[in-house]
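Under the working numbering, the first residue of the sequence shown is numbered 44, with each subsequent residue one higher. Just so it is clear, CB atoms sit at the ideal spot from N, CA and C, and this is done for glycine as well. Quick caveat, the model's predicted, so the values are computed rather than measured. Step one of this worksheet: look at the structure below.
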Amino acid sequence: MTENYKKQLLNYITNDITPTTPSSTQILENIIDIPRTDFTGFIPTAFAYFTVSDIIQSSTNGYFILYGGYVPAAETPSTDSRGFIMILDDNLKPIKTIYEFSSGTKLRPIQKMIQIEDGTFVAIDSTIFALPEDRSGIQTNEKRFIMLNNFSVKDNNNEYSVKLRISYKIPSSYENFFCLDIIKNPNSAHYLLAGATYIPVGNDHYDGARVIDLKINVGEANTWTNKNTNTSIYWLYGGFYGEFDNNDDASWKMILTENNPNGVNMGWWNGSSYTTILSVSGDVYPYVDSISMKNQAVFINYDTVYFVINNQRWGSSVRPRYVGLYKYVFSTGTLTEIYLKNIGSYDFNHSKEGIFITALNGELYINYCDNYDYDNNTANYNFQRLENDTWNPILISEDSNYVMEKTLSYTFNIYNLVSNVVLGQRMNTSRWKLEIIKEVYNNLNYNSTSYIDYNSLVSHSGTLYSGNNILFARNLYNKTLLNNTTVSTLEIPNTMLNEINITQKNLFGETNLKLVQDDNTLTKNIYETLFLNFINTINVINSDTNTHYPLSASYINENINIGTSSNSGDTSAGKIRINYQDSTTKIFSINWTRIDDYNKETNFSLYIDKPIENIDFLSNDESTVYCEINPTTESGNIYTISQKLKVI
Numbered sequence: 044m045t046e047n048y049k050k051q052l053l054n055y056i057t058n059d060i061t062p063t064t065p066s067s068t069q070i071l072e073n074i075i076d077i078p079r080t081d082f083t084g085f086i087p088t089a090f091a092y093f094t095v096s097d098i099i100q101s102s103t104n105g106y107f108i109l110y111g112g113y114v115p116a117a118e119t120p121s122t123d124s125r126g127f128i129m130i131l132d133d134n135l136k137p138i139k140t141i142y143e144f145s146s147g148t149k150l151r152p153i154q155k156m157i158q159i160e161d162g163t164f165v166a167i168d169s170t171i172f173a174l175p176e177d178r179s180g181i182q183t184n185e186k187r188f189i190m191l192n193n194f195s196v197k198d199n200n201n202e203y204s205v206k207l208r209i210s211y212k213i214p215s216s217y218e219n220f221f222c223l224d225i226i227k228n229p230n231s232a233h234y235l236l237a238g239a240t241y242i243p244v245g246n247d248h249y250d251g252a253r254v255i256d257l258k259i260n261v262g263e264a265n266t267w268t269n270k271n272t273n274t275s276i277y278w279l280y281g282g283f284y285g286e287f288d289n290n291d292d293a294s295w296k297m298i299l300t301e302n303n304p305n306g307v308n309m310g311w312w313n314g315s316s317y318t319t320i321l322s323v324s325g326d327v328y329p330y331v332d333s334i335s336m337k338n339q340a341v342f343i344n345y346d347t348v349y350f351v352i353n354n355q356r357w358g359s360s361v362r363p364r365y366v367g368l369y370k371y372v373f374s375t376g377t378l379t380e381i382y383l384k385n386i387g388s389y390d391f392n393h394s395k396e397g398i399f400i401t402a403l404n405g406e407l408y409i410n411y412c413d414n415y416d417y418d419n420n421t422a423n424y425n426f427q428r429l430e431n432d433t434w435n436p437i438l439i440s441e442d443s444n445y446v447m448e449k450t451l452s453y454t455f456n457i458y459n460l461v462s463n464v465v466l467g468q469r470m471n472t473s474r475w476k477l478e479i480i481k482e483v484y485n486n487l488n489y490n491s492t493s494y495i496d497y498n499s500l501v502s503h504s505g506t507l508y509s510g511n512n513i514l515f516a517r518n519l520y521n522k523t524l525l526n527n528t529t530v531s532t533l534e535i536p537n538t539m540l541n542e543i544n545i546t547q548k549n550l551f552g553e554t555n556l557k558l559v560q561d562d563n564t565l566t567k568n569i570y571e572t573l574f575l576n577f578i579n580t581i582n583v584i585n586s587d588t589n590t591h592y593p594l595s596a597s598y599i600n601e602n603i604n605i606g607t608s609s610n611s612g613d614t615s616a617g618k619i620r621i622n623y624q625d626s627t628t629k630i631f632s633i634n635w636t637r638i639d640d641y642n643k644e645t646n647f648s649l650y651i652d653k654p655i656e657n658i659d660f661l662s663n664d665e666s667t668v669y670c671e672i673n674p675t676t677e678s679g680n681i682y683t684i685s686q687k688l689k690v691i
C-alpha cells in the first residue's frame, strides 16, 4: 500500500478525516508526437495528391484505419486515381498499407467508410480522386457503394487483406455527389449517404447537398431514393445525423449554411424544410464549413448539435475574421454561444485559427489551434473536454506544424483511457502532424486530482504504465473482501498489451487516491487474458505482546470499503473500557493527538478505585476490541496512561 493509503488509514481509524474539495481540472497523462519516420514505407514515396479522408477505430481489436485516395507523381486525377487503406495498431504505429483488393485490382479513392455491426466495412469509392472542396471534375464519374471484409484482422493466410464482397453502382442520376457521412440502421441493411453536390456556378465548394437513401434488398433490386437542396441557392455542407425507427423509417438532420439573395445564414434541413439557426450579426458570418475543413459540426444526439463558425476562408476583401463554437438544442430552439473570437481583419483566405470538434460517449472534445505564425506555418495546439459548455482549452504544444484546414481529429476510448488524435490529412513531410493526447477519464468516475473523503480507501480502478507512458486504464473487474484482506482485480483482455513490458501497476480509490503502486516489471503472455490482483491486508497488532487481533482487522477492512462518514465514526478507536476484577466495566471516550503522518498518541488519567483486570481500546460503536493492555496498578492511586497508534 502507498504512503497516502497509510496516512488515510490512520485518519480513518481515529475519526480524523476532513474532506477536501474535489477538483474539476482536466488531467492529461501523455502528449506524444509521432514522427513521420515511423511511416517510412507506409506512405507512397512520391505523389501528386494524397489525402486521408478519415479515421476509424476497429471495434474488433482497437486498431486504427486511415483511408483515402492519392494520385501518383507525374499523374493527374483523370489519368491515375487510387485508393489506400492503412492499418495502425492501438498505439498508432503503422502495420500495413493496402493499395489493392485481394484480387489484385487497385483500390479506388475512398470518400467515406464505416465499420458495421458484424465487424465488416462498407464504403463509397470513386473512379476519380478529388477533395471535397474541389469537386468540379467528378460530378458525373462512377461511384460505388462497396461492402468489404473485416480487414483489421488477419485472414486465413495470416495476412491483412481487403476483399470486395459486393459492390453497387450509385445510380447515374445521383453521381454528382461527394460522400461525407454514412449512417446505417443497426437492425437492417438500410443506409443514409450524405454529402455535397457540385453546382457549376461560383465557388467550387459552396454548392449543394444531397442525402441518398439506400435499402439493400434480398432477392430483388435495391431501393435508391434521394433528397437534394434547392439548386437555385448555394449551400455549404456542415454535418449530418440520422436515426431509424422500429419500422425502419429514417429521419435525419443536416447542418447547412445558406447563401441566398437576402444574405448568409446557417440552419438545418430535414429533406422537406430548412430552419434558420444563426444569421449574420454585424461582422460575424455564420459559415459552418465541413467541406474544406473536417470536424466542424458534431451531433451529440438527435436533439443536440455543436458547430463551429468560421468565416476565415470566405471573402477576398479585407474584412473581420471570426471563429466560434456554438451549441443548438432542436427541441427548445436554444442557441448557446460558447466561444467567439475576432481574429483580426485580413484578405487572404485561410484559417489563422481553427476549432475542430469530436464527440465521444455524449461529450464534446475540442482541438483548438491559435497563435499562427504565417512565415513558419506553425501554431499552438490546445485541447479540452467541454464541461458545462465552458471554454477552457489546455495548451498542448507550441510552435507546432499547423496544417490549417487539413487538420483531422479523432477521439476514442479503450475503457478509461481516452485518446485524442490530431492528424494532418496530407501526411506530407513539410506539414507533418500526428499527435496523440491521452487522459484517464470515465464520466461515471471522479477523474481529476485526488482529494480526501470517507470513501478514499474504497478501491475502484487501475492503471498500467510502460515507463512514463500510460498503457491501460479500467474500472475493477471484481473486488473480494475476505476477512482482513481486500483483493481488487483488474482484467486485461487477451487482445491487449501482448508482449509489452508493464513497469508500473496502480490501484486507485474512488477519490483518485493511489492505494497501491507496484513497480515490478510484468510482461503479459500473448493472447492471454490477464487478471491482475491488488492485495491489501490489514493487521492489528499489539507490538508489546505481539498479540494479533484478526476480528478487529476484519472490522476495519469491512468499514473502509463501505467508505461513509458513519462507518468512519463507528470504526474509530475512540473509546476505552476498564474491565474490573469484579466483572464490572467503565467506558469513556478518548482523543488522539498527532505525532506525525503515521503516528498518533492518546493520554488519559485513571483513578483506581478498585482492582482492574485489563483495559480495552474499543471502536466507537463498542463492538470491537482493537487492543488490550494490562497495566500494573494499585487501588487508591491516579495513573496517566499513554498509548501510541502507528500505521506501518
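**Item:** Distance between Glu671 and Ser611 (C-alpha atoms, nearest Å)
**Value:** Answer to the nearest angstrom: the Cα atoms are 21 Å apart.
**Request:** Could you tell me which of Thr45, Met44 and Lys50 sits nearest to Asn642, measuring between CA atoms?
**Result:** Checking every option, the nearest Cα to that of Asn642 belongs to Lys50.
**Request:** Would you identify the three-state DSSP class for Asp247, choosing helix, strand or coil?
**Result:** Confidence is the limiting factor: at Asp247 the pLDDT is only 49, short of 50, which leaves the residue's position unreliable, though a coordinate-based value still follows. In the structure shown, Asp247 sits in coil (DSSP, three-state: anything other than H, G, I, E or B).
**Message:** Whole angstroms are fine: how far does the CA of Gln355 sit from the CA of Val464?
**Reply:** 24 Å
**Asked** Could you give the distance in angstroms between the alpha-carbon of Ser66 and the alpha-carbon of Tyr489?
**Response** 9 Å
**Message:** Quick check on the burial criterion: 16 or more other C-beta atoms within 10 angstroms. Buried or exposed for Ser462?
**Reply:** buried
**Request:** Give the C-beta separation of Val114 and Ser124 to the nearest angstrom, bearing in mind that I take them to be a contact with Cβ-Cβ under 8 Å.
**Result:** 6 Å
**Request:** Give the DSSP-derived three-state secondary structure of Met129 in the structure shown.
**Result:** strand
**Asked** Within 10 angstroms of its Cβ, does His393 collect 16 or more other Cβ (buried), or is it exposed?
**Response** exposed
**Asked** Just curious, the beta strand (DSSP E) that Gln100 is in, first and last residue?
**Response** Counting along the chain, the unbroken beta strand (DSSP E) around Gln100 starts and ends at Phe90 to Gln100.
**Request:** Within its chain, find whatever has a CB closer than 6 Å to the CB of Lys548; leave out the 5 residues flanking it on each side and keep chain order.
**Result:** In the same chain as Lys548, and ignoring 5 residues on each side of it, the C-beta atoms closer than 6 Å to its own belong to Leu507 and Asp561, in chain order.
**Request:** Since I believe Asn600 is in contact with Thr529 (beta carbons under 8 Å), could you give me their beta-carbon distance rounded to a whole number of angstroms?
**Result:** 6 Å
**Prompt:** Looking only at DSSP bridge pairs, what is Asn622 linked to?
**Reply:** Thr628 and Asn657
**Asked** Should Val331 go down as buried or exposed, given a rule of 16 or more other Cβ atoms within 10 Å for buried?
**Response** buried
**Message:** Ignoring anything shorter than 3 residues, give me the beta strand (DSSP E) runs that lie fully in the region 156 to 186, in order along the chain.
**Reply:** Here the runs fully enclosed are 164 to 169.
**Prompt:** Between Asp288 and Tyr345, what straight-line distance do the alpha-carbon atoms span, to the nearest angstrom?
**Reply:** Just so you know, the alpha carbons of Asp288 and Tyr345 end up roughly 13 Å apart.
**Request:** Can you check the region 523 to 561 for any alpha helix (DSSP H) of at least 4 residues that lies completely inside it and give the ranges in chain order?
**Result:** none
**Asked** Pro452 bridges to which residues according to DSSP?
**Response** With the sequence shown as reference, residue 452 is identified as Ser, and Pro is not the correct amino acid for it. Note: Ser452 sits in a beta bridge opposite Val465.
**Prompt:** Just reading off the beta strand (DSSP E) that Ala516 is part of, what are its end residues?
**Reply:** Residues Asn512 to Asn518.
**Item:** Burial state of Ser502 (16 or more Cβ within 10 Å)
**Value:** buried
**Prompt:** Met336 bridges to which residues according to DSSP?
**Reply:** Note: Met336 sits in no beta bridge, so no partner.
**Message:** Along the chain, where does the beta strand (DSSP E) containing Thr683 start, and where does it finish?
**Reply:** Ile681 to Lys689
**Prompt:** Mapping DSSP to helix, strand and coil, what is Pro115?
**Reply:** strand
**Asked** Counting along the chain, where does the beta strand (DSSP E) carrying Ser502 start and finish?
**Response** Ser502 to Ser509
**Prompt:** Is it true that the CB of Leu460 sits closer than 8 Å to the CB of Ile513?
**Reply:** The answer is yes: Cβ separation under 8 Å.
**Prompt:** Candidates Asn511, Gly505 and Ser509: which alpha carbon is nearest Tyr520's?
**Reply:** Gly505
**Among Leu191, Ser204 and Glu185, the one whose alpha carbon lies nearest that of Ser20** = Residue numbering for the chain in the displayed model covers 44 to 691; residue 20 lies beyond these limits and cannot be assessed.
**Asked** Skipping 5 residues on each side, what residues in its chain have a beta carbon closer than 8 Å to that of Thr64?
**Response** The residues are Tyr494.
**Prompt:** Should the region 252 to 259 be regarded as contacting the region 272 to 285, the criterion being three or more beta carbon pairs within less than 8 Å?
**Reply:** Because the criterion of three Cβ pairs below 8 Å is met, the region 252 to 259 and the region 272 to 285 touch.
**Request:** Using three-state DSSP, classify Ser67 as helix, strand or coil.
**Result:** Under the three-state reduction of DSSP, Ser67 is assigned to coil, being neither helix nor strand.
**Message:** Considering just the uninterrupted stretch of the beta strand (DSSP E) at Pro137, what are its terminal residues?
**Reply:** In this chain, the beta strand (DSSP E) harbouring Pro137 covers Pro137 to Ile141.
**Prompt:** Using the C-alpha atoms, what's the distance from Gly467 back to Val446?
**Reply:** 6 Å
**Request:** Name, in chain order, the residues that DSSP records as bridge partners for Ile427.
**Result:** Here the sequence assigns Gln to residue 427, which means Ile is not the residue at that position. Gln427 is bridged to Ile409.
**Asked** I think Tyr453 touches Ile98, with their Cβ atoms under 8 Å apart; what is that distance to the nearest whole Å?
**Response** Indeed they touch by this definition, with Cβ atoms about 4 Å apart.
**Prompt:** By Cβ distance, which residues of its chain are closer than 6 Å to Val307, with the 5 residues on each side in sequence left out?
**Reply:** Non-local C-beta neighbours of Val307 in its own chain, meaning closer than 6 Å and more than five positions away in sequence, comprise Val323 and Tyr328, ordered along the chain.
**Asked** Can you tell me whether DSSP reads Met190 as helix, strand or coil?
**Response** strand
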